[in-house]
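K.L.:
In this note's numbering, the protein residues as written are 2 to 254.
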């Protein structure tokens, strides 16, 4: 049994610092690098890719809506063609950074509101999948299991990774509880560890309404902008390791 641990990183920009990338990096296997649209800037992209390379962590593009003020967590009415162009542009930026660091980009995980929109909108999902394929068909596409994004990734011939979230509450339909709802984002490390073990070793997650939902955990996410992220990821990795789970990055099996 094995799983990838991913975290969204490089979300600082200019004088603004977000997350604990240097402390979290040793605990993960894949880093999703913000590409400047929802967060991040060229300097932090360079620094974070170098940090990932030092720790043997795979890097992937983390493209989002062009929404710095809203951190990419607000829906934007973009056409599929506009989404395609935005995703190609952001992947391309990271590919350039990675080339200067003599390392590779292995995957793409879209961010925030765009991720959620593509989970249910087949046209947006298809645009993202085409963008990834057209840039580099060897890139993995990350999305929630059962989502339109996974469906369209497979249809485009991409390798896909079904993602689960250790630090977020789930609804009965398998979607995440919206961030604005009470209890949507976990603050209890014991709850995070228990949910991670359930998803990775037992194949289910318990919804806020009590239902057990079947999940496939190719990769498990802890959000790097959480103030508890370091505590969560270190405790989760320790518990999974003790349960016999091996850790391998996307594309590294």
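Virtual Cβ for every residue (Gly too), placed ideally from N, Cα, C.
By DSSP's criteria, residue 220 is part of a beta bridge. Which residues make up the other side?
P.N.:
5 and 164
K.L.:
At least one CB of chain B closer than 8 Å to the CB of residue 245: is that the case?
P.N.:
The question asks about chain B, but that chain is absent: this structure has only one protein chain.
K.L.:
Runs of 3 residues minimum, wholly inside the segment 112-193: which ones carry the beta strand (DSSP E) assignment?
P.N.:
141-145 and 160-166
K.L.:
Could you give the residue range of the alpha helix (DSSP H) that holds residue 238?
P.N.:
230-243
K.L.:
In this structure, does DSSP put residue 66 in helix, strand or coil?
P.N.:
coil
K.L.:
Quick check: residue 167 and residue 237, are their CB atoms within less than 8 Å of each other?
P.N.:
Closer than 8 Å, so yes.
K.L.:
Tell whether a beta-carbon distance below 8 Å holds between residue 151 and residue 163.
P.N.:
yes
K.L.:
In angstroms, rounded to a whole number, what distance separates the CA positions of residue 294 and residue 29?
P.N.:
Any property of residue 294 remains undetermined from this structure, which presents the chain solely from 2 to 254.
K.L.:
For residue 95 and residue 34, what's the separation of their Cα atoms in angstroms?
P.N.:
8 Å
K.L.:
Can you tell which of 73, 171 and 191 has its C-alpha closest to the C-alpha of residue 283?
P.N.:
Within the shown structure, residues of the chain are numbered from 2 to 254, placing residue 283 beyond reach of any answer.
K.L.:
Within this structure, are the beta carbons of residue 31 and residue 250 separated by less than 8 Å?
P.N.:
yes
K.L.:
So, helix, strand or coil for residue 29, using DSSP?
P.N.:
When secondary structure is reduced to three states using DSSP, residue 29 falls in the coil class, being assigned neither helix nor strand.
K.L.:
Taking the alpha-carbon positions, what's the residue 244 to residue 219 distance?
P.N.:
16 Å
K.L.:
For residue 101, which of 203, 54 and 25 has the nearest alpha-carbon?
P.N.:
54
K.L.:
Cα-Cα, which of 51, 221, 89 and 13 is closest to residue 130?
P.N.:
89
K.L.:
Work out the CA separation of residue 48 and residue 126 for me, nearest whole Å.
P.N.:
30 Å
K.L.:
Classify residue 26 as buried or exposed, calling it buried when 16 or more other Cβ atoms lie within 10 Å of its own Cβ.
P.N.:
Buried, since its Cβ has 16 or more Cβ neighbours within 10 Å.
K.L.:
Beta-carbon separation of residue 69 and residue 40 under 8 Å?
P.N.:
yes
K.L.:
What residue from 203, 222 and 221 has the CA that sits closest to residue 213's CA?
P.N.:
Ranking the options by Cα distance to residue 213, first place goes to 203.
K.L.:
On the criterion of 16 or more Cβ atoms from any shown chain inside 10 Å, does residue 159 qualify as buried, or is it exposed?
P.N.:
Its Cβ being crowded by 16 or more others within 10 Å, residue 159 is buried.
K.L.:
Classify residue 80: buried if its beta carbon has 16 or more other beta carbons within 10 angstroms, exposed otherwise.
P.N.:
exposed
K.L.:
Among the residues of its own chain, which have a CB less than 7 Å from the CB of residue 224, if the five just before and after it don't count?
P.N.:
9, 168 and 230
K.L.:
So, with DSSP's three-state summary, where would you put residue 197?
P.N.:
helix
K.L.:
Can you have a look at residue 106 and say buried or exposed, based on whether 16 or more other CB atoms are within 10 angstroms of its CB?
P.N.:
buried
K.L.:
Given a threshold of 16 other Cβ atoms within 10 Å of its Cβ, counted over all protein chains shown, does residue 2 qualify as buried or as exposed?
P.N.:
exposed
K.L.:
Identify which residue in 6, 64, 74 and 252 has its Cα closest to the Cα of residue 181.
P.N.:
74
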